[in-house]
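Same order as they appear, the protein sequences are chains X and A.
Residues 983 to 1528, numbered by our numbering, are exactly what the first sequence covers, in order.
Residues 983 to 1528, numbered by our numbering, are exactly what the second sequence covers, in order.
To start, the structure under review is shown below, and the notes come after it.
2 protein chains.
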Amino acid sequence: MANLTDTAAWRALDAHFRSVSAVHMRDLFARDSGRFERFCVRTCGILLDYSKNRVTAETMRLLHALARERGVTERAQAMFSGAHINETEDRAVLHALLRDSRDSPVCDVGDVLRAGVESSLDSMERFSEAVRSGGWRGRTGQRITDVVNIGIGGSDLGPGMVCRALAPYADGPRTHFVSNIDGAHLTSTLECLDPARTLFVVASKTFTTMETMTNARAARRWIVDSLGEDAAVARHFVAASTNRAAVAEFGISPDSMFAFQDWVGGRYSLWSAIGLPIAIATGMERFRELLAGAHAMDLHFRDAPLDRNMPVTLALLGTWYVNFFGVETHAVLAYDQRLDRFAAHLQQLDMESNGKSVTLEGTTADYATGPIVWGEPGTNGQHAFFQLLHQGTRLVPADFIVAAHCDHTLADQHRLLVANCLAQSEALMLGKSAHEVRSELEASGDPTQSADSLVPHKVFDGNRPSSTLLLDRLDAATLGALIALYEHKVFVQGAIWNVNSFDQWGVELGKALATSIARELLDHGDGGLHDASTTGLIAEYRRLSH
Amino acid sequence: MANLTDTAAWRALDAHFRSVSAVHMRDLFARDSGRFERFCVRTCGILLDYSKNRVTAETMRLLHALARERGVTERAQAMFSGAHINETEDRAVLHALLRDSRDSPVCDVGDVLRAGVESSLDSMERFSEAVRSGGWRGRTGQRITDVVNIGIGGSDLGPGMVCRALAPYADGPRTHFVSNIDGAHLTSTLECLDPARTLFVVASKTFTTMETMTNARAARRWIVDSLGEDAAVARHFVAASTNRAAVAEFGISPDSMFAFQDWVGGRYSLWSAIGLPIAIATGMERFRELLAGAHAMDLHFRDAPLDRNMPVTLALLGTWYVNFFGVETHAVLAYDQRLDRFAAHLQQLDMESNGKSVTLEGTTADYATGPIVWGEPGTNGQHAFFQLLHQGTRLVPADFIVAAHCDHTLADQHRLLVANCLAQSEALMLGKSAHEVRSELEASGDPTQSADSLVPHKVFDGNRPSSTLLLDRLDAATLGALIALYEHKVFVQGAIWNVNSFDQWGVELGKALATSIARELLDHGDGGLHDASTTGLIAEYRRLSH
């Protein structure tokens, strides 16, 4: 594939950027009364308003040309057809199959794969319903009241985020998530639980993940110590994994292993058996709604033309800011307390996928790739970091996310939430000029407020871009669509940047070094293997801990 | 004050940068076996190892010259003496007084101020002990088992973060934190609480904060509806505020208002009455240890020479990366699940303080100021976004934080936690060359792994900077010191950038717009006041919600 910066579309964008980068969005809105409808996409219960971005119709036209030149549509087709687009690991990328339907299939794969997915879902359904109904009980005959998921990364962030987001729909056992190797995580979680009523889901594709297996073994001791016998393990542990032998050796019955395939990447695995805690908490019907919402977004992504395609639009806007404005970050501002872990999920989805600097051909990218994704829920962020968004020296493109309907009875509070969300994107775009500040200070009549020296501190440049995703309601289907929207956004950006969005070699080096340092911390010397800093820190730790 | 980029120190750094920016830290370590001890500071139970930064002794000398030229020491003296260094609001900045001691005073202020702080602490002590001992009871005579803090921004992040961090020391009522205007936050918190045993702390300096007062009124209805009488309010609500009239009108007894002064900024207020939930959860003795730890860091900051000064060192390193390497972000990677909200606290502390583009003289800064602060606890982050840290196209300076001792019994897990922390900073610095990758692939003997095409994907450039803060133990005193360390870091950077780190005018515009939009969402037209995007979103919300 041609190098990105050598493409005709890139060159055209580069020239175009110089002519539009200084234009203020105030003027773009003044010029075009139809800007909202022009830059608006609706699908799957989500409205995307991207009119508060620093783009013109011409910008979008050039960005669509870039998507075409990079073969985004063909690459999506390759994914959906099961081609091994994860080239460095020689694997297909088929998380869309996990939520596919026979009535309106998006994946073009054989019946065996499809039947395997359906049978996995059926197993999940049987088990989750047994736990919810009390058919499945603990060793002492008690019903399960609490489910602890032990997993990390994709085996934690996705299902954990969804369980929090769908809390109003949860009518099964409570769910808890333990991920960190830090013993404080497991210890503090178990503190208030009753072993006789607790079920653990050990979620690890390989069943070898260091954190997960260490925590699982500690949890196993807790169960055995409390319930007095090894056989209790089979009633209190199940696995989401593919390693049948290791699962059995742990003491988990083969019937309690919920499997998935090697074409499901960790950060795309909440749709698979990794989603078991979601099914147990909210019921399989909700889980299938979640899948159906994601599937609807898959269809939209596959079928909608580029200029009405929601994931493509978000991806191109991000590329525009990363590669031409030179921004390093992207803020995700969900005005929804139930989405308080959505940014953390997107951090993995986006940064692990596109935090790469080598192209598929193995050359070093001479352009920036994936941004740093960060954010906290609104309105909280307004009282924390929004100062920098409004008046700092950095440009931070942001996605605002808010639902029109809420699932609680404090309707006035919900209206205030929505108002704040809309007001922030307006303020970021609009700004406030020195002239406006001065008039306001004079009108206030407060002499302490009218000092000339105050004016520059109260000026907002504005022209700070954002997109708004207005959801009808944060239910299972819309949440599924929202997550899939970002999955495909990341996919499109990976295609444009020509990186493998599906491997993660960057996590290997630290893992290898940790194994050797763990030994050295215990009692062995460091064998002169490390730099002076690491050696010094190891020595200091040993001095302090002995 | 001279413009930053016109100073001799800046020019010298700029020239120096060109000569050292390409040097690899591998070589710096190879050249200097004493690098660890040279770039290491110990104080207040914290070791700072900053040797894995892209600096030489000359870099640090030039950075210290910059600190001197910007009058950092004099500015700190001005703060500690109560000068109105918050110029735009004409206020002193004296959070250090909240934790000062008469034996070793750091603040140079009159006795009245000092006595006021002491008396506030005594009131907090009496009240928190009464709640803990059962002397203070709810309206129906029941003991208080749960305390809900209602506050946002500094009235939430600081005390919330500390309560989580000191969980092993908590032996009082459980604490909960409600901040978001989103009704889901309050609703889901109250769901599992018993009104007869619940105490609310309404934390708002002005007692007018929209989110806090709206949630407080909803909580008040919950208490009155459950306990049947308005008088219950006085037994179930207290306030951390300065607005006596509004507090009384709410129904809170004047004796139950815990006050603080206008020289305590929100993001520095956890040391004041805003820390009441900490005192109730862990006891006043622990709260005083927290203050003492921060005070020890204040003394260190005031007295240590620049080149052995921990906050100054962190600040100068940050400046070096922001202004010369051009980085936009700073990652805070606490290898401690109990610090899972530390990055969120620092986001406010740092970004609200230094997310400014106007100097104290009112001119526009022609240099970058405060970075975007972000992070998740380790080891979780390793399975999420570390891919980008290791192999992405961006330079992300990071602080690793880890404690040598843990407060749980899973000692092996703690050792693995520390090992991972040390391994990550080593990997980021060291990297892995194509030659090393190739040798390893060949040695593995696995033909699928030895393909030449895989090599570039497994290469790590390294030379990615980080500092490590090794704590003796995450107890109250060390936590206090750690928080104060970052407060002073932010202070020093504000002095270098010549911004007012203590105002936050950037939050005003959105607030004003939200009030008007909230009315328009209800039923009024938008009066043609808004841009087409905001008007379109308002219309869409009204369509969906009616």
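Virtual Cβ for every residue (Gly too), placed ideally from N, Cα, C.
These numbers were taken from a predicted model, which means no experiment stands behind them.
Residue-level contact to chain A via CB, residue i, 8 Å cutoff
i                  : result
Asp1513 of chain X : yes
Lys1187 of chain X : no
Asp1318 of chain X : yes
Phe1062 of chain X : no
Met1022 of chain X : The question names Met, yet the displayed sequence has Cys at residue 1022 of chain X. By this cut-off, Cys1022 of chain X is an interface position.
Ala1500 of chain X : yes
His1158 of chain X : no
8 Å Cβ cutoff, residue i in contact with chain X
i                  : result
Ile1028 of chain A : no
Lys1471 of chain A : no
Tyr1523 of chain A : yes
Thr1196 of chain A : yes
Phe1242 of chain A : no
Asp1176 of chain A : no
Cys944 of chain A  : Lying before the first or after the last residue shown, residue 944 of chain A is absent from chain A, which here runs from 983 to 1528.
Asp1428 of chain A : no
Trp992 of chain A  : no
Pro1447 of chain A : no
His1396 of chain A : yes
Asp1128 of chain A : no
Trp1356 of chain A : yes
Thr1190 of chain A : no
Ser1207 of chain A : Note that residue 1207 of chain A is Asp in the sequence shown, not Ser. Answer no: the Cβ-Cβ gap between Asp1207 of chain A and chain X never drops below 8 Å.
Asn1402 of chain A : yes
Best match in the options for proximity to residue i [C-alpha to C-alpha]
i                  : options                                   : result
Met1519 of chain A : X:Ile1383, X:Gln1486, X:Trp1245           : First, the amino acid is wrong: residue 1519 of chain A is Leu here, not Met. When only C-alpha atoms are compared, the closest one is X:Ile1383.
Met1292 of chain X : X:Phe1021, X:Val1005, X:Ala1227           : X:Phe1021
Gln1475 of chain X : X:Lys1440, X:Thr1295, X:Phe999            : X:Thr1295
Val1304 of chain A : A:Ala1380, A:Ser1238, A:Ala1385           : A:Ala1380
Asp1318 of chain X : A:Asp1332, A:Thr1169, A:Thr987, A:Trp1302 : A:Thr1169
Asp1389 of chain X : A:Ala1166, A:Arg1320, A:Arg1057           : A:Ala1166
Cys1174 of chain X : X:Thr1127, X:Thr1196, X:His1006           : X:Thr1127
His998 of chain X  : X:Phe1018, X:Phe1306, X:Ala1200, X:Leu986 : X:Phe1306
Ile1067 of chain X : X:Phe1473, X:Thr1517, X:Gly1374           : X:Phe1473
Val1075 of chain A : A:Ala1297, A:Ile1478, A:Ser1335           : A:Ser1335
Expected contact under 8 Å - CB spacing of residue i and residue j to nearest Å
i                  : j                  : result
Thr1070 of chain A : Asn1482 of chain A : 6 Å
Ala1222 of chain X : Val1183 of chain X : 6 Å
Ile1028 of chain A : Gly1154 of chain A : Not really, about 27 Å apart at Cβ, beyond 8 Å.
Glu1107 of chain A : Met1266 of chain A : 4 Å
Thr1341 of chain X : Asn1480 of chain X : 5 Å
Ala1466 of chain A : Gln1329 of chain X : 28 Å between Cβ atoms; not a contact.
Simplified DSSP assignment, three categories, for residue i
i                  : result
Cys1022 of chain X : strand
Trp1531 of chain X : This structure leaves residue 1531 of chain X out entirely; chain X is present only between 983 and 1528.
Val1034 of chain X : In the sequence on display, residue 1034 of chain X carries Lys and not Val. DSSP places Lys1034 of chain X in coil when its eight states are reduced to three.
Val1474 of chain X : helix
Thr987 of chain A  : helix
Phe1189 of chain X : coil
Ala1313 of chain X : strand
Leu1029 of chain A : strand
Ser1407 of chain A : helix
Thr1497 of chain X : helix
How about the region 1032-1051 of chain A and the region 1202-1220 of chain A: do they share at least three Cβ pairs that are nearer than 8 Å?
no
Can we say the region 1243-1263 of chain X touches the region 1181-1192 of chain X, given the rule of at least three CB pairs closer than 8 Å?
yes
Between the region 1220-1232 of chain X and the region 1092-1101 of chain X, do three or more beta carbon pairs fall short of 8 Å?
no
Sufficient close CB pairs (3 or more, under 8 Å) joining the region 1413-1429 of chain A to the region 1448-1461 of chain A:
no
Do the region 1367-1376 of chain X and the region 1400-1416 of chain A make contact, defined as three or more Cβ pairs closer than 8 Å?
No, they do not touch.
If we count Cβ pairs, one from each stretch, closer than 8 Å, do we get three or more for the region 1267-1281 of chain X versus the region 1063-1082 of chain X?
yes
State whether the region 1320-1327 of chain X contacts the region 1391-1400 of chain X, with contact taken as three or more CB pairs (one from each stretch) at a distance under 8 Å.
Taking one beta carbon from each stretch, the region 1320-1327 of chain X and the region 1391-1400 of chain X have fewer than 3 pairs nearer than 8 Å; the two do not touch.
Below 8 Å, how does it come out for the region 986-1000 of chain A and the region 1042-1050 of chain A: are there three or more Cβ pairs, yes or no?
Enough Cβ pairs lie closer than 8 Å, so yes.
Whether or not the region 1491-1499 of chain A and the region 1297-1311 of chain A are in contact is what I'm after, with contact meaning three or more pairs of Cβ atoms, one per stretch, closer than 8 Å; do they touch?
no
Specify whether the region 1276-1285 of chain A and the region 1447-1456 of chain A touch according to this definition: at least 3 beta carbon pairs, one from each stretch, less than 8 Å apart.
no
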